Amino acid sequence: MEIEVTIIMPSYNRYPLNLLSLYALEKQCFDLSKMEVILIDDASTDQTPKIKEYCPPYHFQYIRNSTNVGVAASRNIGLRHARGEIIIILDAETIVSPNYVTLNRQHHLTHEKSVVIAGSKRGRIYTFLSPNFTNNQINAIYKWSEKNSLFNQRLKEVVSQEQTLSSLTTHIRHLQEPQQVVNREDIDDIKNLYSMVKYRSYAHHLLKYLREHFYSSPLRWMACLGFLSIKRSFMEQVGGYEENFKGWGPEDAELAYRLYKANANFIIEDDLETFHQEHPPSKTKEEDMNLNRLLFQLKHPVLDVSIRALHSIHPTDYGLMEKIILEHQSLTASFPDEFHEFNKAIITLLHQIRINIAENRPPVNLVQNTGFGDDSIAMERILIERDHIQSCGKYNHLVWLFDKLSTI
């Protein structure tokens, strides 16, 4: 039987969460003989190699990297081994709804460049208790158990003493290995699973903002937040994932931007449901992300990408970001041979935000940090261009951005 769909799951030290994710894929409302799952074990040091013996009803490949190469490189390894023409990218700790494969597949039957992403039905679930959970995570578990009767019941089955925040903390801290709360039977009974999921209240802000004009917005690629499906041929066309990001990085966003530039047809499928199994955070997550965000901007030194740094100095406002991008597009289209100094200055200042943060410095004094303040002649040219642009009366948000960056 020809394989139509390949699911690629890189995994690093996610056992036994990854096993529950694989069990959930057995429940897909899709012909499992036409589906394969490739789990790439990125040199895990936990019990992930046990999955090599896993025998599901779908085609399954277990690939173990000899050294840790990162999520992007692991996904690319999966792509090279994939036999299906439709590729679904999942994280190893993600449980998906039974209709996940079918819903993704249907969007690729009529358009070669479709990129399907999940809508707002994204939730989190505590399937295991880990001794490495943060205090905030333990507090969240306790609060959720007070609100959710089935989860409370599951918790009582594994925590013998009376449930208080203190007793729960003590129990978790004394664990020698992860302790299961949600079991395979809950995966089989999807109603049980759904009832223990805590849906993310933000319903993702960007998706909410873009809802009415998603297909025309220059920000639509930013909604591609990791889980996606795509034709293998299109993924190969854009070159797969960027492997230079190390640790926790924006490889999903960087790929999404290249897909956007390659005229991808981004589709939000609201009925796709994904449930993230909570796990201890990486100790270097923030440090990794700060450096990788800088690398992303350096790889793509354009306002479309660099505008993301605005979040670090101004409250998140996607409407403002969109207006800035659209005004910049209009400016460069109307004056293709002018205002180069101004445009370059904005990109440089946005880069400096990332540089400062990556170096554990506050994102202030950007003009001085970039060296613009030491070159009065260059700065004068930039300000002349800025005043000319303002006099046009059509680029107020773009001018606001420059003023914000140059005075902070």
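My numbering numbers the first residue of the sequence shown as -18 and each following residue consecutively. Backbone N, C-alpha and C define an ideal beta-carbon position, used for all residues, glycine too. Here the structure is a predicted model, which means the values were calculated and not measured.
- The alpha carbon of S126 has as its nearest neighbour, out of R181, V140, F114, the alpha carbon of V140.
- For R239, there is no enclosing beta strand (DSSP E); the enclosing alpha helix (DSSP H) covers residues 232 to 242.
- A residue is called buried when at least 16 other Cβ atoms come within 10 angstroms of its Cβ; R154 does not meet this threshold and is exposed.
- Per DSSP, the continuous beta strand (DSSP E) segment holding Q42 begins and ends at 40 to 45.
- Listed in chain order, the beta strand (DSSP E) runs fully inside the stretch 55 to 141 are 67 to 70, 75 to 77, 95 to 99, 103 to 106, counting runs of at least 3 residues.
- The residue among K124, I336, I327, S78 with its C-alpha nearest the C-alpha of T145 is K124.
- DSSP, read as helix, strand or coil, puts M203 in helix.
- By the Cβ neighbour-count rule, R61 is exposed, with fewer than 16 other Cβ atoms within 10 Å of its own.
- At a Cβ-Cβ threshold of 8 Å, D251 and K33 do not count as neighbours.
- For E17, the uninterrupted beta strand (DSSP E) segment begins and ends at 16 to 22.
- For S210, the closest alpha carbon among the candidates K264, W229, R181, L253 is that of L253.
- One alpha carbon belongs to K266, the other to C373, and they sit about 44 Å apart.
- Annotation: the continuous beta strand (DSSP E) that includes L209 extends over 209 to 212.
- Where T329 is concerned, the enclosing alpha helix (DSSP H) starts and stops at 321 to 339.
- Residue nearest to T(-13) within the set I305, F11, N(-6), N(-1) is F11 (criterion: CA-CA distance).
- Distance from the CA of E143 to the CA of P(-3), rounded to the nearest whole angstrom, comes to 27 Å.
- According to the DSSP assignment, S293 belongs to no alpha helix (DSSP H), since it is labelled neither H nor E.
- Taking 8 Å as the cut-off, the Cβ atoms of I98 and F208 count as close.
- Here I168 is near L1, since their CB atoms are less than 8 Å apart.
- Q349 is bridged by DSSP to nothing; it lacks a bridge partner.
- DSSP, read as helix, strand or coil, puts H257 in strand.
- Nearest in C-alpha terms to I44, of all of I(-11), N80, I248, is I(-11).
- For T150, the enclosing alpha helix (DSSP H) has its first and last residue at 146 to 154.
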